[in-house]
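*Asks:* To convert, take the position in the sequence shown, counting from 1, and add 662; that gives our numbering.
Note that CB positions come from ideal geometry on N, CA and C, so glycine has one too.
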Amino acid sequence: MSHSLLKQKMLETAALLQECLSEILPVPQGLEEDSLLEAMRYSALSPGKRIRPFLTLTSATICNGHMPYALRVASAIELIHTYSLIHDDLPALDNDDYRRGIPSCHNKFGEATAILAGDGLLTYAFEVLADQATHHDGQVRAELVQLVAQAIGCKGMIGGQAIDLSAQSINLDFNSKIRLQNMKTAQLFGISCEAGAIISQADMIVRKALRQYGVNVGIAFQIRDDVLDGQKNVAENETSSLEQERLIQYGQQMITEGVKCVEIFNDDASLLRELAHFVSNREY
663 MSHSLLKQKM
673 LETAALLQEC
683 LSEILPVPQG
693 LEEDSLLEAM
703 RYSALSPGKR
713 IRPFLTLTSA
723 TICNGHMPYA
733 LRVASAIELI
743 HTYSLIHDDL
753 PALDNDDYRR
763 GIPSCHNKFG
773 EATAILAGDG
783 LLTYAFEVLA
793 DQATHHDGQV
803 RAELVQLVAQ
813 AIGCKGMIGG
823 QAIDLSAQSI
833 NLDFNSKIRL
843 QNMKTAQLFG
853 ISCEAGAIIS
863 QADMIVRKAL
873 RQYGVNVGIA
883 FQIRDDVLDG
893 QKNVAENETS
903 SLEQERLIQY
913 GQQMITEGVK
923 CVEIFNDDAS
933 LLRELAHFVS
943 NREY
């Protein structure tokens, strides 16, 4: 499969997701809280790669899942990712004035509204996951809520953010950096993949294969992010060239192992294989 076909599929996914997000997000109604809703929509509907939703929809396709269900779950995951970006950009954390080529949420709406917008997106994501429209089986919805919460909580994304903060005052060793990447990024990648199997009510062998693929690719994705950031900010980059090369090699190892995880799906996993190689070689 060529990169051009992968790009086409990702663009198609982004278009579907944009439509779904626009429909499910609350719309300003001329009320006092309109600025909050505007900030939520502004950030969630801004253009992005939409890799996590792509993983959910592709995994659901492999498992012959119901696409309307998959699209709602993918949208909820993207709302969670967007909340994390809003809070990441705040002055207390990364202090970034721009996100995805446009002013960051706090830069446009103010810091207080941005905090509330992130909170609003996070809580609304779980409202979407718990809604009967997301799956007819309440047990499936409950499992999605539980596993997504675990992936983004203190043992997942939020815990990874805490480690990231501590790294500002102490030098993390190699294993601690991998643990950071696993928690901060890879756990959400993992559940993004497994969610497609969960809504399809696939067996545990399938679920574990997709989740492990997602975790491996997520680690490689974050390593590549760190490498690209280091190239942009050479003066601030404290990672030695030797350690950076070790991280790059580990990222490649994660891609190799991730691709092996989805061998059981044969040609049905061609998009996932191509995405894995895209992640490890991307320049943005």
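1. Should Ala859 and Ala706 be called a contact, given that it needs their Cβ atoms to be closer than 9 Å?
2. One question on the structure: do Ser760 and Met702 come within less than 9 Å of each other, judged by their Cβ atoms?
3. Check this for me: beta carbons of Ile814 and Ile881, under 9 Å apart or not?
4. Going by the C-beta, is Ser942 closer than 8 Å to any heavy atom of the ligand MG?
5. Report the start-end ranges of each alpha helix (DSSP H) in the region 681-722 that is 4 residues or longer and not cut off at the edges.
6. Once the 5 residues before and after Leu699 are set aside, which same chain residues still bring their CB inside 6 Å of it?
7. Along the alpha helix (DSSP H) that carries Arg944, what are the first and last residues, could you check?
8. On the DSSP letters alone, give me the boundaries of the alpha helix (DSSP H) that Glu805 sits inside.
9. Evaluate Met819 with the Cβ neighbour count: other Cβ atoms within 10 Å of its Cβ, from every protein chain shown; 16 or more gives buried, anything less gives exposed.
10. Taking 9 Å as the threshold (C-beta atoms), are Val810 and Tyr739 in contact?
11. Between His743 and the rest of its own chain, which residues show a CB-CB distance below 6 Å, the 5 nearest in sequence each way excluded?
12. Thinking Cys767 and Asp750 are a contact (beta carbons under 8 Å), I'd like their distance in whole angstroms, please.
*Replies:* The short version:
1. In the sequence shown, counting from the first residue as 1, residue 859 sits at position 197. In the sequence shown, counting from the first residue as 1, residue 706 sits at position 44. Result no, Cβ atoms of Ala859 and Ala706 do not sit closer than 9 Å.
2. Stepping through the sequence shown from its first residue, residue 760 is reached at position 98. Stepping through the sequence shown from its first residue, residue 702 is reached at position 40. Residue 760 is actually Tyr in this sequence, not Ser. No, the pair does not count as a contact, with Cβ atoms beyond the cut-off.
3. By one-based count along the sequence shown, residue 814 stands at place 152. By one-based count along the sequence shown, residue 881 stands at place 219. No, the Cβ-Cβ distance between Ile814 and Ile881 is not below 9 Å.
4. The ligand content of the structure shown is nil, which means the ligand MG is not present either.
5. 696-706
6. Position 37 of the sequence shown, counted from the first residue, corresponds to residue 699. For Leu699, where only same-chain residues beyond five positions count, the Cβ hits under 6 Å are Pro688 and Pro690.
7. For this step, residue 944 is matched to residue 282 along the sequence shown. Counting along the chain, Arg944 falls outside any alpha helix (DSSP H), and DSSP gives it neither H nor E.
8. Translated into positions along the sequence shown, residue 805 becomes position 143. Per DSSP, Glu805 belongs to the alpha helix (DSSP H) from Gly800 to Ile814.
9. By 1-based counting over the sequence shown, the position of residue 819 is 157. Its Cβ being crowded by 16 or more others within 10 Å, Met819 is buried.
10. Taking the first residue of the sequence shown as 1, we reach residue 739 at position 77. Taking the first residue of the sequence shown as 1, we reach residue 810 at position 148. Tyr is not the amino acid found at residue 739; the sequence shown has Ile there. Yes; because the gap between Cβ atoms is below 9 Å, this pair is in contact.
11. For the purposes of this step, residue 743 is identified with residue 81 of the sequence shown, where counting begins at 1. So the qualifying residues of the chain are Arg714.
12. In the sequence shown, counting from the first residue as 1, residue 767 sits at position 105. In the sequence shown, counting from the first residue as 1, residue 750 sits at position 88. No, Cys767 and Asp750 are not in contact; Cβ-Cβ is about 10 Å, not under 8 Å.
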